[in-house]
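What follows is a single structure, written as structure tokens, with notes after it.
Residue numbers (this note's numbering): 173 to 794.
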């Protein structure tokens, strides 16, 4: 039994662990010739005995996990047509302008854009030499911007904007969105504020548990000349992990000349739609609106149902009948103590020494349950229990019927919208000539990198591969193993421990159960049978088994005696009387063997019959 358990556990452990061990060996050593482990251990033991291995080497700690493969950083270089490219690998902000303005209509203490910016590497960066723009201050206004190489014109080619963000310390409340500043004669980057005109705002924003990914563009009303913000619909994809995993993510916006747009995170589509139909409020106003001067007529009936005016209350309808009445069939239980109160004064209570009857009033002992009622069904005046009154019907109301005068819900009539216009090409937005970050955040150390604006998808993908693709490879190489990831996930969601335990323990228990359980009865179980004198028809006694074994041995010996050596046969031929006696003896032995075999067969049949009928149904067969 113990051997089977050990073999099952050993096979289970080897089956679970061998793939991981084999993978680790292949990663560390690569493919190679087979090694004789015993020879290697013997050689190592001889070296230790001969003193060939130095003490430092003998006491050296076991090697840890293999080091992560290194990814060498190389600054991305813009190739192809582009309007803006910034990787911050020069280590300075020479091409950027930090705003010196103040916000209007706000307290003087927090009106300044005095948040600090810095160009540095990520705190836990996996690419030495990779620099980025870092928002350094908490609870402050930040504003910084840079000019494009040339203004972007919305004509026949798409707009592609992409950049990277890493919330190194997480994000409580704040944004990491970018603004494409409209080209205007009075654009001054030194005075960049929240009210500076922009064409598009795009990027992540979060406060509380509201995770957003903005895409807003400002549309000009062709009739009034005023600008109105148009917000894209909320993405259906789950965005939470982008704000909490402390990894670098690539945010991409594509706006096409056919008025379609795409929003991607890490080159995966998370939102898409049309500028004409998927923006709020819509670009084009409705052609008709409700007449504000229209009023509902006084005789307009909006009631779909009314009370039946011809209905009459039945004569037997009693509106005054109570909802409940005493149960007349109830009988007072025997032993009910009518003269005993349910509660009585505590006989052990003592008036406090500091009780002032002038101030506190006359002292009374506290009430306790009457001990005389503990054994009785009840105390005090008995009252019949209340039951629902079968005659109670409540206040009578006339039944409801369809209103013959129902005219439906009234709505004002529609009139032509005086502000109606139709812009079928909202893609043709105002040109922009600068890119800026105007942010307020309660978290610091937000990392920005690899801003890129172009009108060519191939160029944008090449830039993303050379920049963000390199970061992704480095972060992937340094990611913890599966076990560490599972532990981290369980720390965030403790209920995962239950899943882990069931996933590991249940297969283990089933394997041990099926491998190690058998029908052989243990000595303890046999001892239980011997503790009683009752007959056990389904179990053969040990004495009977021994007798059967001896009889079987004697029968086999008798069969062997039948085959006599050649010399004895010749002697038997010389003596006919002896030969005749031996033949009679052989026939007698044969008859005895046949009788024994018949008795054994009958005994087995009887045992099987008793076993089949036995309620214990326990089989003991050799």
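Note that beta-carbon positions come from the ideal geometry of N, C-alpha and C, so glycine has one too. These figures come from a predicted structure and were not determined experimentally.
Which of the three DSSP states is assigned to residue i in this structure?
i           : result
residue 364 : coil
residue 307 : strand
residue 543 : helix
residue 274 : strand
residue 260 : coil
residue 371 : strand
residue 411 : coil
residue 724 : helix
residue 331 : strand
residue 748 : Unreliable positioning characterises residue 748 in this predicted model, as indicated by a pLDDT of 48, which lies under 50. The coordinate reading is nonetheless provided below. Looking at residue 748 - three-state DSSP - the assignment turns out to be helix.
residue 659 : helix
residue 494 : coil
residue 467 : coil
residue 347 : strand
residue 289 : strand
residue 531 : helix
residue 672 : helix
residue 222 : The predicted position of residue 222 is uncertain, since its pLDDT is 49 and thus under 50; no value can be drawn from it.
residue 376 : strand
residue 390 : strand
residue 503 : coil
residue 295 : coil
From this set, the options, which residue's C-alpha is nearest residue i's C-alpha?
i           : options            : result
residue 481 : 262, 269, 329, 575 : 575
residue 580 : 477, 350, 614      : 477
residue 504 : 353, 526, 301, 552 : 552
residue 466 : 578, 623, 585      : 585
residue 283 : 297, 314, 358, 440 : 314
residue 462 : 722, 587, 639      : 587
residue 428 : 328, 675, 550      : 328
residue 375 : 356, 408, 435      : 435
residue 542 : 578, 509, 460      : 509
residue 298 : 720, 642, 724      : 642
residue 264 : 248, 304, 525, 452 : 304
residue 310 : 615, 597, 723      : 615
residue 484 : 571, 494, 557      : 571
residue 423 : 387, 688, 308, 446 : 387
residue 486 : 475, 566, 410, 549 : 566
residue 342 : 644, 400, 414      : 414
residue 270 : 377, 687, 307      : 307
residue 826 : 613, 596, 526, 540 : The chain is shown only over 173 to 794; residue 826 falls outside these bounds and no answer can be derived.
residue 591 : 382, 457, 531      : 457
residue 404 : 431, 412, 397      : 431
residue 288 : 545, 312, 338      : 312
residue 300 : 273, 646, 513, 520 : 646
residue 569 : 500, 638, 479      : 479
residue 496 : 610, 533, 559, 725 : 559
I'd like to confirm the pairing. Which residues does DSSP put opposite residue i in its beta bridges?
i           : result
residue 421 : 337
residue 564 : In the DSSP output, where bridge partners are listed per residue, residue 564 has none listed.
residue 612 : 313
residue 558 : 498
residue 319 : 606
residue 434 : 426, 444
residue 516 : 540
residue 342 : 340
residue 717 : Per DSSP, none; premise fails for residue 717.
residue 597 : Partner(s): none; residue 597 has no beta bridge.
residue 244 : In DSSP, residue 244 forms no bridge with anything.
residue 630 : None, per the DSSP bridge assignment.
residue 478 : 573
For my contact list, residue i and residue j are in at a C-beta cut-off of 8 Å; report their separation, rounded to the angstrom.
i           : j           : result
residue 538 : residue 511 : Contact flag wrong, Cβ pair sits at about 22 Å.
residue 385 : residue 604 : With 8 Å as the limit, residue 385 and residue 604 do not qualify as a contact, their Cβ atoms being about 20 Å apart.
residue 668 : residue 662 : 4 Å
residue 455 : residue 448 : 6 Å
residue 254 : residue 336 : Rounded, the Cβ-Cβ distance is 16 Å, inconsistent with contact.
residue 395 : residue 593 : 5 Å
residue 490 : residue 563 : 6 Å
residue 608 : residue 317 : 3 Å
residue 498 : residue 556 : 4 Å
residue 589 : residue 460 : 6 Å
residue 247 : residue 261 : 4 Å
Report yes if the C-beta of residue i is less than 7 Å from at least one heavy atom of the ligand NAD; otherwise report no.
i           : result
residue 593 : Because no ligand of any kind appears in the structure shown, any question about the ligand NAD cannot be addressed here.
Below 8 Å, can you find three or more Cβ-Cβ pairs linking the stretch 623-635 to the stretch 325-332?
Verdict: yes, contact present.
Could you tell me whether the stretch 441-456 touches the stretch 346-353, where touching means 3 or more Cβ pairs closer than 8 Å?
Short answer: they don't touch.
Pairs of beta-carbons, one from the stretch 355-364 and one from the stretch 614-622, closer than 8 Å: are there three or more?
No, because fewer than three Cβ pairs between the stretch 355-364 and the stretch 614-622 fall closer than 8 Å, the two stretches do not touch.
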